[in-house]
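In this note's numbering, the protein residues as written are 3 to 499.
Glycine included, every Cβ here is placed at the ideal spot set by N, Cα and C.
Only a predicted model underlies this, so the values are computations on that prediction, with no experimental measurement involved.
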């Protein structure tokens, strides 16, 4: 272990606050990105191998069994025993993808396709949400094993490690599937059907932890708060703030205003020092939960930004060739700008998940814009053009069929759910791996199962005493069980949450 750092629980603590301006944070941010891209490349590989024409002839269970080693196994290995090879893995996947594109002639088909249909349930959002679930579920258990690479543990003060991405990506994807409430009825629905259930889950988790005497590190969200509270309160205040915006366009300056006020309070109002100072006693409800409370404005800013981002990216259902290329190119420029600003902020204000500061928000924006660019490029352009041709379905006929089907997905979107409908099935039949679809149908169930399973492993299997081989085996069984559970629900078209 680096002599300049102290290990505490699942955290990596810089000994000096000046580490927030070091090159280490930038290096960490890119290291985390490569792990995410490695897991994403597994999704790409599964889609390339299990094409729609092939999956249509296979039993769904067989599809799941073929996808699991392509999607889940690399993620487990790359945060444990193969953690030094994420860059090499991504490089190999890029080479394989390049060969695939050249051999299938996808580029020529793209240019000849007059329109691109992103639909009412965009593939990009579906994959982004599923990736967030996969990464989080792997890490929350893997961290308890000695085989887990300590470079990926949560940062105590400043840093950009893999596990720091969890809550930020969840908030971002929550915003991607939400919309601005346009009246009091929609605002009330957002609060009662989205924010309140998350807050109740947070309360239930607190009660369960107290009843089981299960350990919780107070430096993450505080003594009593947890991720469910953060998500619920973010949804609550984010919905209220966005209600006062008269158009989606106003969400962008509103988000910037919230972010600016938050960063000024952190930097010049002494909030950052107050939150991070271990000498501050946790004698009141506010001081005991200062990490969770004072990070909320930052997460609200992420939420508002993500709503605007989704409205801009998917402003229409149908795009011409030039419009689609323009969107993809703009996403690339946005990703480059966000990564550049992230690097600057690492030296100026630092990157801190615990306060959700400017640097952290820029880092989350950089990751999401990068992933969304890749998804749009690969799945909406390259794979989707091949999918349409392979099925012999003309785009105008496909659009007509989808328009004839009455969709009522608004309620599902406001719940943060993307539920396959008849129209979605027409467009995405085989276009996405079945594991990805399963995670989106019952994302909350998957997350709860992962948390419960993690608790059971910690209580009964003593993960800290397990060898590398045994830890990987346990992680693979765990991932097989939790993904398999939501797959069974998906196969039976059962949606719980």
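Check the Cα spacing between residue 78 and each of 442, 478, 496: the tightest is with 478. Around the CB of residue 209, fewer than 16 other CB atoms lie within 10 Å, so the residue is classed as exposed.
Contact between residue 306 and residue 257 is confirmed by a C-beta separation of about 4 Å, below the 8 Å threshold.
For the options 323, 180, 282, the alpha carbon positioned closest to that of residue 253 is the one of 180. Here residue 27 has 21, 160, 161, 162, 348, 352, 353, 361 as same chain residues with Cβ atoms under 8 Å from its own Cβ, once five neighbours each way along the sequence are excluded. According to the DSSP secondary-structure assignment, residue 279 is paired through a beta bridge with no residue. Going by beta carbons, residue 358 and residue 297 fall inside the 9 Å limit. Counting of Cβ neighbours within 10 angstroms places residue 448 among the buried residues, the total reaching 16 or more. Restricting attention to 99, 383, 55, 269, the CA atom closest to the CA of residue 114 is found in 383.
A distance below 7 Å between beta-carbons, with the five flanking residues on each side excluded, links residue 294 to the following residues of its chain, in chain order: 223, 224, 227, 231, 232.
For a cut-off of 8 Å, the C-beta gap from residue 92 to residue 150 is around 20 Å, too long to register as a contact. According to the DSSP assignment, residue 119 belongs to the beta strand (DSSP E) that extends over 117-119. Looking at the backbone, the Cα of residue 266 and that of residue 195 are separated by about 33 Å. DSSP lists 117 as the bridge partner or partners of residue 322. Residue burial annotation: residue 69 is buried, with at least 16 other C-beta atoms found within 10 angstroms of its C-beta. Taking every protein chain shown into account, the CB of residue 455 has 16 or more other CB atoms within 10 angstroms, so this residue is buried.
According to the DSSP assignment, residue 292 belongs to the alpha helix (DSSP H) that extends over 292-296.
Remark: fewer than three beta-carbon pairs, one from each stretch, lie closer than 8 Å, so the segment 170-178 and the segment 491-498 are not flagged as touching. If you check the CB distance, residue 189 and residue 234 do not come in under 9 Å.
Here the C-alpha atom of residue 370 lies approximately 15 Å from the C-alpha atom of residue 316.
Residue 303 and residue 363 do touch by the CB rule: their CB atoms are close to 6 Å apart, below 8 Å. Residue 204 carries a helical assignment under DSSP once its states are collapsed to helix, strand and coil.
Here the C-alpha atom of residue 466 lies approximately 6 Å from the C-alpha atom of residue 146. Counting only residues of its own chain and dropping the five nearest sequence neighbours on each side, residue 76 has a CB closer than 7 Å to the CB of 40, 41, 44, 91.
Shown here for residue 438: same chain residues with a beta carbon closer than 7 Å to its own, the five before and five after excluded, namely 45, 128, 129, 132 in chain order.
Inter-residue distance for residue 191 and residue 201 is about 15 Å (C-alpha atoms, whole angstroms). By the C-beta density criterion, residue 462 is exposed, having fewer than 16 other C-beta atoms within 10 angstroms.
If the five residues before and after residue 81 are omitted, its C-beta is found closer than 8 Å to the C-beta atoms of 37, 140, 141, 144, 150, 151, 154, 164, all from its own chain and listed in chain order. Sorting 435, 314, 378, 452 by C-alpha distance to the C-alpha of residue 178 places 314 at the top.
Here the alpha carbons of residue 31 and residue 167 stand approximately 9 Å from one another. About 4 Å separates the beta carbon of residue 440 from that of residue 489, a gap short enough to meet the 8 Å contact definition. Membership of residue 62 in the alpha helix (DSSP H) is indicated by the continuous run 62-80. When 451, 434, 498 are compared, the shortest CA-CA separation from residue 52 is found for 434. For residue 54, the uninterrupted alpha helix (DSSP H) segment begins and ends at 54-57. Shown here, residue 240 sits in a helix according to DSSP, grouped into three states. Around the C-beta of residue 56, fewer than 16 other C-beta atoms lie within 10 Å, and the residue is accordingly described as exposed.
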